[in-house]
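The next block holds one structure in the form of structure tokens; read it before the comments.
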RNA sequence: GCGGAAGUGGCGAAAUUGGCAGACGCACCAGACUUAGGAUCUGGCGCCGCAAGGCGUAGGGGUUCAAGUCCCCUCUUCCGCACCA
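Residue numbers (the numbering used here): 212 to 1063.
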């Protein structure tokens, strides 16, 4: 029983909205029926709808951002059920990762135990929040029955040449004590440690050949209108395709030295090249530095300075400087001698780490040439007669070549193609495409991740663990320490194995996989999570895929969302699935902020959903997260607003429960969707008003779900409807409303509320005598005839300024509107003494009189 | 620097196509009920003005009978990328 305050009247008790009593009661009922939200067999003939929210990391606590994310997805899933779809709405845990190891260090609890405790706690929270998840295909990525398929994919990729090992410069986070992928470096710092600068280390690591799919990943973006343009743009920029050419410049007088290959997108400007610039890390620079101590010193300084700049996260603003090597290279197009320099603005890991410097037509080269007095030539101009052209001029679309030998007069864009072709014919060049995207480094020197299923054999080299020997289990007994290096390397029984090929002693790979591997394909596993023979059954995946709606934070625009697109393409090429893209529609919800700032423990502005739930209930908390802002925008959490939602729900509760006995008494009339038809003639004006607004509201909310997802206005519309019902409360009391109208209004109001306030809606559904599970009831259908207004208000303007608002019949034609407007007193006084030169009448919209 | 999004009352926001700017909610003000109110209900609430009326969607210009919405310029904020040749 609800707690009753000492001096409240019994009547108040009976009508009081008490979510603390209602919500746990319904939660218990739903928990007792695990099949409630389960997807149906594929044979039902219903259209399928795969509704997916990004799975959480089991930190142990849901925050209000989660509540918002899952409130959006849950509302959509419930709506789609009510619209008759077969909905898949699963959930799981992105359960590998560093926090579990940190917790182990701090609290001396094994990562596995910590993780499962957190999962249990968060699952409770999900249940308390009334999230309609189908747990029958729960995925927990740290369990062997999941990660064995990571290993399976890894071996398959290794066999297909998509997973490989190489030594390279990698990002190293000292706080994580592990390597990071390029995608995990944000502004020079670790994505998990905003203040920890990432170091560069030379290590041998495993990579996945995502660059093989660079073109497809890029071009596919054009076929994905259901993804936000922002995300597609970010991915385009990240992939960074540039078409250009490699050109070889021979070093003058050094026949034994290999030619310097530069990458350029502007072959057409080669007659304007006045130097060659090498990255400090370029192999030739290293070679020359061996015999040139001043060069060596200068280059070392440059590298040190770059490192320092990286530490202030100020790499882009570093002053350009360089040093001449004293060598010269030959321009293959005209034989000119170009001095070879080393410059700090040349990136070693983009293109070839060497460029031809064209100061006349590149801003960076211009800045550098000015500083060091290198010649600046003009070889491209908007037209042949341009003499006073300001350099650098970087245009190319409508530009022509000047002072470029036999190429003079060619259009810039055509010359790029022709000159590259010429270079190919002459053997000193090749047309090339360069990408910013690099292969995905997946090795992590950590414990709590998927063991990479590879074996290092002294005889056979690198050997994959045979598929039938998977999974390679992560050892349970391990001491987590803060020392560097892979923790697994300190577990002899893990490391020491026999080579699967020769049977001799060998060593297991001790690195684990990046946790983004886990999340790259988890949503396929949801379609068949208990499969012991394959990652999933293709028929099942092909039924559900692509995901119809994917919902998550924009922070994954590049990381997870590019990796999972890559993984999808790989699985397609392996013949496992038919789709090339994982999700038809992607929705990125805004952040939840507080007092204008991102919530963080250090700022002390974190809002706990538990506290909100305790005070206002789940329904109010969920509904507020949808009401306070459109879901794609940032939401500033204001508790006062939540109180407002709570008041609204109380009003709905009071009104509905007040009339519930009468509605129940109508008995069969309210069953299913069999509402007794309300005859036009027998309807009172109040009936007509209520039904009109009801059907307008149904139409609006239905449109919101299929369109812009502005649930803030959907909820506002429900409030307007409820307020209108409340305004007619006395009329209903007096019997001025047809009981069938009242029944329809309350019944539909409850159904409309179901996606947003599931607990209250379920309670009210029961109270008004609704049968069956609320979320499987058909969504109400708007009746255009009932929704139609017969009288509307039309603004009348004179010279574009509002003069009055007239009530007219909705179907009044233009002549009638004009006549009504002209006969109005206010209008007449406004146009007195003037001549009407023009009358603009927009039927159903307005009348504007132009008078002089 | 480049790319993207945005800028509307005291606050969160609304305004599918150019057509009554500020729906809905918060806060606030007044009143009712009340021993009491951080409950509930009623009314008010962009700014200036007693009013009539005027002004008003970051600022400036333009197109139009009509502009928050379309075009040009400027400013500010947030996000992403950041020497990508």
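Note that CB positions come from ideal geometry on N, CA and C, so glycine has one too. Every value quoted in this text rests on a predicted model; they were computed, and no experiment measured them.
Secondary structure at residue 474: strand, using DSSP grouped into helix, strand and coil. Residue pairing of residue 384 in beta bridges, as defined by DSSP: 389. Three or more Cβ pairs closer than 8 angstroms define a contact, and the segment 528 to 535 meets that threshold against the segment 507 to 520. About 6 angstroms separates the CB atoms of residue 860 and residue 831; that is less than 8 angstroms, so the two are in contact. When secondary structure is reduced to three states using DSSP, residue 667 falls in the strand class. At least 8 angstroms separates the beta-carbon of residue 1023 from that of residue 923.
The beta carbon of residue 543 is closer than 6 angstroms to those of 639 in its chain, skipping five residues each way along the sequence.
Beta-carbon to beta-carbon, residue 485 and residue 580 are separated by about 7 angstroms, close enough to satisfy the 8 angstroms threshold. Per DSSP, residue 604 lies in no beta strand (DSSP E) segment and is marked neither H nor E. In terms of CA proximity to residue 279, 846 leads the group 846, 1026 and 1054. Contact between the segment 340 to 355 and the segment 729 to 742 is established, with three or more Cβ pairs separated by less than 8 angstroms. Its Cα nearest to that of residue 968, the residue 838 stands out among 838, 493 and 749. Nearest neighbour of residue 449 by Cα position, chosen from 1020, 436 and 426, turns out to be 426.
When Cβ pairs closer than 8 angstroms are counted between the two stretches, the segment 312 to 319 is seen not to touch the segment 1013 to 1020, the count staying below three. Sorting 979, 340, 776 and 913 by C-alpha distance to the C-alpha of residue 731 places 776 at the top. DSSP lists 455 as the bridge partner or partners of residue 643.
The Cβ atoms of residue 409 and residue 477 lie no closer than 8 angstroms to each other. A direct Cα-Cα distance of roughly 38 angstroms separates residue 628 from residue 416. For residue 237, the enclosing alpha helix (DSSP H) covers residues 230 to 242.
In this structure, residue 359 places its C-beta atom within 8 angstroms of the C-beta atom of residue 682.
CA-to-CA, the gap between residue 573 and residue 419 works out to about 34 angstroms. Looking at the DSSP output, residue 1054 bridges to nothing. DSSP, read as helix, strand or coil, puts residue 569 in coil. Judged by DSSP secondary structure, residue 410 falls outside any alpha helix (DSSP H) and instead within the beta strand (DSSP E) spanning 410 to 419. Burial state of residue 898 is buried, judged by a 10 Å Cβ sphere holding 16 or more other Cβ atoms.
Counting the other Cβ atoms within 10 Å of the Cβ of residue 538 gives 16 or more, which makes it buried.
Under the three-state reduction of DSSP output, residue 810 falls in the coil class, being neither helix nor strand.
Residue 655 carries a strand assignment under DSSP once its states are collapsed to helix, strand and coil. Around the beta-carbon of residue 464, fewer than 16 other beta-carbon atoms lie within 10 Å, marking it exposed.
DSSP places residue 925 in the helix class (H, G or I) of the three-state scheme. Excluding residues up to 5 positions away in sequence, 668, 669, 670 and 709 lie with their Cβ nearer than 8 angstroms to the Cβ of residue 715 in the same chain. Between the C-alpha atoms of residue 920 and residue 984 there is a straight-line separation of about 25 angstroms. Per the C-alpha coordinates, the member of 1031, 281 and 791 positioned closest to residue 430 is 791. Contact between the segment 333 to 346 and the segment 630 to 639 is absent, with fewer than three C-beta pairs closer than 8 angstroms.
Comparing C-alpha distances from residue 666 to each of 764, 299, 940 and 717 shows the shortest one belongs to 717.
Residue 759 places its beta carbon less than 8 angstroms from that of residue 260.
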